[in-house]
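To start, the structure itself, in structure tokens.
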């Protein structure tokens, strides 16, 4: 009886050992599959980075949403005025060319907040921009400068399209009301920027059939940027299209340029870009939608750079962006009328925004007509274009897509549009483009907490991701090594042709 029990126990030990070996093989096999899945996850997908970028989505109450609504980083606006030093001599005919002198900078800190915010279930948010300006350094706003009379030139440009009788009536009215009918004005810089009293402006607000009401009480070159902007902007909130403007005032395009491509609203406001834009194709072009110009601006990849010690990708605005004949953007040249086929392009290096600015004859260019046509310099002296001082670029964080540094440099100009029978433009020739101001927009100093977050989001994320990748690779090697060893032991235990040394349980069975 005892012998039978011993035999049974021996057989049980033998079969149990075989089962344990099979169990180890299954366990090692499961571990190998799990390690392969982890390897694929960290080496072949962007799951880890997607988990990081998920925190950038704008969700109600999230840290990213609060930072977006009230950015802790402002902009510094460096403004330079073109002072016409020989305007009197030019008006009297003793000077053949106008001479300008750059005066500045006048430095302001622009604070931005987003008001009347509404989050939508379709992954978009609608808001209005509210800006305020604080003077922080630079020259005094009390000093006087001699500048072109923007309101008079705008009135002349408007009257140009009137019939002859209305032009005569307009001339009589301006003469009788004793309005400021000189082509140049002497004004304090502060009034020139933020608004000055002018009877012509009051008359325009009351009587001219503008397409939309003017959003400010006094006319100033920079007044349109100050305060709550009336435009309601709708943009995407998800990481795939974060920051992309979808609509403005409910429209996804404008009826300004008479072309579907140029009228389309596309791009971000320049403060951030979809992270996948520079992760999937770092050499691609990114787009900023310049609402003040009613057009998108393409920024093309130039090189890798460092800003505030943070690795970034630099994208530069092409020097020919305002040269339609070279960059296939001729649709941005205004038509003679909306249904017309003929387009009238300004000189190379300039961009006509009058259709976007209540019909004011305003022209945009790079500062000092950098990269502009030679004809722009033939009637004005004192301009000194330089690439390093007058080009525009943005430095974008390599992973997060947020703008770390920027230099946005643009010049605002006035085009002379003379009307028949209107003597108020003096000796200015029709089509002359007069520089008014140029601005250099710079990101203010980053707070230490923001700088640290941006720094760690590059180096720490890279280190953690690399650590997880190599750990997953080691896991694959170890798990497959253990699985192969277990399978080899399994084969050796059941191979009848392979001589083996009897183990303790076999000897015990033989003894029984």
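Residue numbers (UniProt numbering): 1 to 512.
All C-beta atoms in this analysis are idealised placements derived from N, C-alpha and C, irrespective of residue type, glycine included.
Query, Result
"Would you give the residue range spanned by the beta strand (DSSP E) that residue 273 belongs to?", "Per DSSP, residue 273 belongs to no beta strand (DSSP E) and is neither H nor E."
"Assess contact between the stretch 132-144 and the stretch 91-101, defined as three or more Cβ pairs (one per stretch) separated by less than 8 angstroms. Is contact present?", "no"
"Which residue's Cα is closest to the Cα of residue 355: 102, 262, 191, 283?", "262"
"Please report the Cβ distance between residue 192 and residue 220, rounded to the nearest whole angstrom; I am assuming they are in contact, meaning their Cβ atoms lie under 8 angstroms.", "7 angstroms"
"From the DSSP output, read off the bridge partner residues of residue 408.", "441"
"Are the stretch 428-447 and the stretch 78-85 touching, with three or more C-beta to C-beta distances below 8 angstroms?", "yes"
"Return the bridge partner residues of residue 521 from the DSSP annotation.", "Since the first and last residues shown for the chain are 1 and 512, residue 521 lies out of range."
"Cβ atoms of residue 322 and residue 350: under 8 angstroms apart, would you say?", "yes"
"Helix, strand or coil for residue 230? Go by DSSP, reduced to three states.", "coil"
"Compute the Euclidean distance between the alpha carbons of residue 117 and residue 123, then round it to the nearest angstrom.", "13 angstroms"
"Of the residues 383, 347, 250, which one's Cα is nearest the Cα of residue 264?", "250"
"Candidates 309, 316, 374, 364: which alpha carbon is nearest residue 298's?", "316"
"What distance in whole Å lies between the Cβ atoms of residue 382 and residue 96, which are believed to be in contact at a cut-off of 8 angstroms?", "With a Cβ gap of about 14 angstroms, residue 96 and residue 382 do not count as contacting."
"Could you name the residues of the same chain whose beta carbon sits closer than 6 angstroms to that of residue 270, not counting the 5 residues immediately before and after it, in chain order?", "288"
"Nearest to residue 63 by alpha carbon, out of 450, 455, 474?", "450"
"So residue 235 and residue 125 are supposed to be a Cβ contact under 8 angstroms. How far apart are they, rounded?", "6 angstroms"
"Compute the beta-carbon to beta-carbon distance between residue 239 and residue 56, rounded to the nearest angstrom, for a pair I have assumed lies under 8 angstroms.", "6 angstroms"
"Does the beta-carbon of residue 156 have 16 or more other beta-carbons within 10 angstroms, so that it is buried, or is it exposed?", "buried"
"Please confirm whether residue 150 and residue 414 have their CB atoms less than 8 angstroms apart.", "yes"
"Put residue 92 into one of helix, strand or coil per three-state DSSP.", "helix"
"Can you check DSSP and say which residues form a bridge with residue 118?", "126"
"Along the chain, where does the beta strand (DSSP E) that runs through residue 78 open and close?", "75-84"
"Among all the DSSP beta bridges, which residues are the ones paired with residue 414?", "362, 434"
"State the start and end residues of the unbroken beta strand (DSSP E) segment that holds residue 373.", "Residue 373 -> no beta strand (DSSP E), and no H or E assigned at all."
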